[in-house]
Amino acid sequence: MTTSSAASYANDNFPLVSIVVLNWNGKRFIEPFMKSFAAQTYARDKMELLFTDNASSDDSVAYVQQQYANDDRIKIVCNKGNYGYAGGNNLGMKQARGEYILVCNNDLELDKNVVKELVIAAQKYQASVTTVKLMFLNKPGYINNAGSRLEPKSNWPTYEIGMNEQDTGQYETDREISAFCGACVLFSREFLHTVGMFDSRFFMYFEDGDLSWRGQKAGHTFYFAGKAVAYHVHTGSSVEGSILFNHFVARNRVLILLKNARLRIILSGCKATLKDHFVFRIKNIVASLRGRYGKKQALKEFLLSQKMLLSIALLTPYALLKRTKLIKEDLL
């Protein structure tokens with residue numbers, strides 16, 4: 177379908193949309209998400225849902241099999257292990273048949289018009305990637321993400337637009353954006369086929385920023401669709417500030433720079449990371465010996481930081497090979 181007008185939808189001329197929802201021990205989120213999927217105003221026979229499970233241990237898969245056995249649009253993709261957000265979604269997307277692929281976190285509830293509005297916007301602007309206005313589900317009236325911004329000259333290269341702002345209608349207009357949040361994002365098949373999918377080595381966090389940066393370099397266009405709304409629990413499968421969260425955010429901040437940034441920015445990011453995770457940790461150990469900081473806490477933080485720094489060192493050759501395209505990105 178090439179026309180962008182809403183009138184074309186009255187003729188049932190819908191492209192197939194594959195919705196990939198990644199799950200890891202998220203049984204509690206399944207029913208609310210599925211209800212919002214069932215309520216979509218988009219053509220029923222032009223949607224498929226790939227429930228992609230990262231080897232959950234909470235009977236999520238059995239629950240979907242039992243509760244939604246009669247919906248022939250739903251397909252279960254069982255991954256052999258927990259491959260994180262990046263690797264897990266990639267495996268789900270590989271099973272997708274749609275012209276468009278909508279990647280969704282499992283802790284979302286979708287507005288009934290979200291699929292329709294995303295497709296309308298994607299075709300109107302010929303966008304390779306189209307995003308929603310993401311609202312906090314557990315903080316009513318406040319925005320989680322209204323598009324993202326790529327800052328290639330910063331050692332913290334991606335920023336969320338509208339984060340924690342009260343929604344007063346300030347983000348209801350469609351606009352071009354330079355980066356996207358991976359929690360709810362519509363990809364064209366052509367984009368994933370030419371630019372690639374998420375870098376699975378990121379596991380989780382900054383993988384959407386990396387893909388945004390790669391897409392920008394390849395000349396693709398991203399749009400924020402102001403009428404497309406989804407509601408997000410936020411960190412439903414991980415905990416902000418947890419050990420895993422801190423590890424992957426700190427590590428992947430450097431990896432994204434190694435893959436995409438200029439040398440000056442890479443050095444700035446490495447310097448900041450070493451300051452936070454080596455120099456500062458040593459200072460805390462010294463302070464603990466003087467009774468100003470807990471000894472066990474200081475030692476634990478130091479060891480966790482060194483584990484993260486070692487992970488960066490081990491992955492640096494990989495990131496540089498990806499940068500020089502000696503290792504290709506995983507294409508759809």
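The sequence shown begins at 177 in my numbering and counts up by one.
Just so you know, even glycine gets a beta-carbon here, dropped at the ideal spot from N, CA and C.
All values derive from a computational prediction rather than experimental measurement.
Give the list of continuous alpha helix (DSSP H) stretches no shorter than 4 residues that lie fully inside the segment 269–344. 290–300
Between G260 and the rest of its own chain, which residues show a CB-CB distance below 6 Å, the 5 nearest in sequence each way excluded? Start at 1 with the first residue of the sequence shown, and residue 260 comes out as number 84. The residues are F379 and M380.
Three-state secondary structure (DSSP) of I432: In the sequence shown, the residue the question calls residue 432 occupies position 256. DSSP places I432 in helix when its eight states are reduced to three.
Spatial neighbours of N289 within its chain, please: CB distance less than 6 Å, with the 5 preceding and 5 following residues excluded, ordered by chain position. Here residue 289 is taken as the residue at index 113 of the sequence shown, counted from 1. So the list reads T217, once near-sequence residues are dropped.
In DSSP terms, what K251 is bridged to: On the sequence shown, position 75 is the one that residue 251 refers to. L226, per the DSSP bridge assignment.
Would you kindly check if the distance between the Cβ of R390 and the Cβ of Y494 is under 8 Å? Locating residue 494 in the sequence shown gives position 318, where the first residue counts as 1. Locating residue 390 in the sequence shown gives position 214, where the first residue counts as 1. Going by C-beta atoms, Y494 is not nearer than 8 Å to R390.
What's the gap between the Cα of I353 and the Cα of K472? Residue 353 sits at position 177 when you count from the first residue of the sequence shown. Residue 472 sits at position 296 when you count from the first residue of the sequence shown. For I353 and K472, the distance between alpha carbons rounds to 45 Å.
DSSP-derived helix/strand/coil call for V237: Taking the sequence shown and counting its residues from 1, one reaches residue 237 at position 61. In this structure, V237 counts as helix in the three-state DSSP scheme.
Quick one: what does DSSP say S184 is sitting in, helix, strand or coil? Taking the first residue of the sequence shown as position 1, residue 184 is located at position 8. In this predicted model, S184 has a pLDDT of only 40, less than 50, meaning its place in the structure is not dependable; the value taken from the coordinates is given anyway. Three-state result, S184: helix.
At what residues does the alpha helix (DSSP H) containing G391 begin and finish? Residue mapping note: residue 391 aligns to position 215 of the sequence shown, counting from 1. E383 to K393 is the extent of the alpha helix (DSSP H) around G391.
Quick check: the segment 243–254 against the segment 318–325, are there 3 or more CB pairs under 8 Å? no
Just to confirm, is the Cβ distance from L198 to G257 under 8 Å? Working through the sequence shown from its first residue, we reach residue 198 at position 22. Working through the sequence shown from its first residue, we reach residue 257 at position 81. No. Outside cutoff.
DSSP three-state label for R351, please. Walking along the sequence shown from the start, residue 351 turns up at place 175. It is a strand residue.
Does DSSP put Y407 in a helix, a strand or coil? The residue labelled residue 407 in the question sits at position 231 within the sequence shown. Residue state, collapsed to three classes: strand.
Under 8 Å Cβ to Cβ from R427, same chain only, skipping five residues before and after it: list those, please. In the sequence shown, residue 427 corresponds to position 251, counting from 1. Excluding positions up to five away in sequence, the list reads M484, S487, I488 and L491.
Does S233 pass the burial test, meaning 16 or more other C-beta atoms within 10 Å, or should it be called exposed? Start at 1 with the first residue of the sequence shown, and residue 233 comes out as number 57. It counts as exposed.
For L192, which of helix, strand or coil comes out of DSSP? Within the sequence shown, the letter at position 16 stands for residue 192. Coil.
Can you tell me whether A495 is helix, strand or coil according to DSSP? The residue given as residue 495 occupies position 319 in the sequence shown. Of the three classes helix, strand and coil, the one that applies to A495 here is helix, per DSSP.
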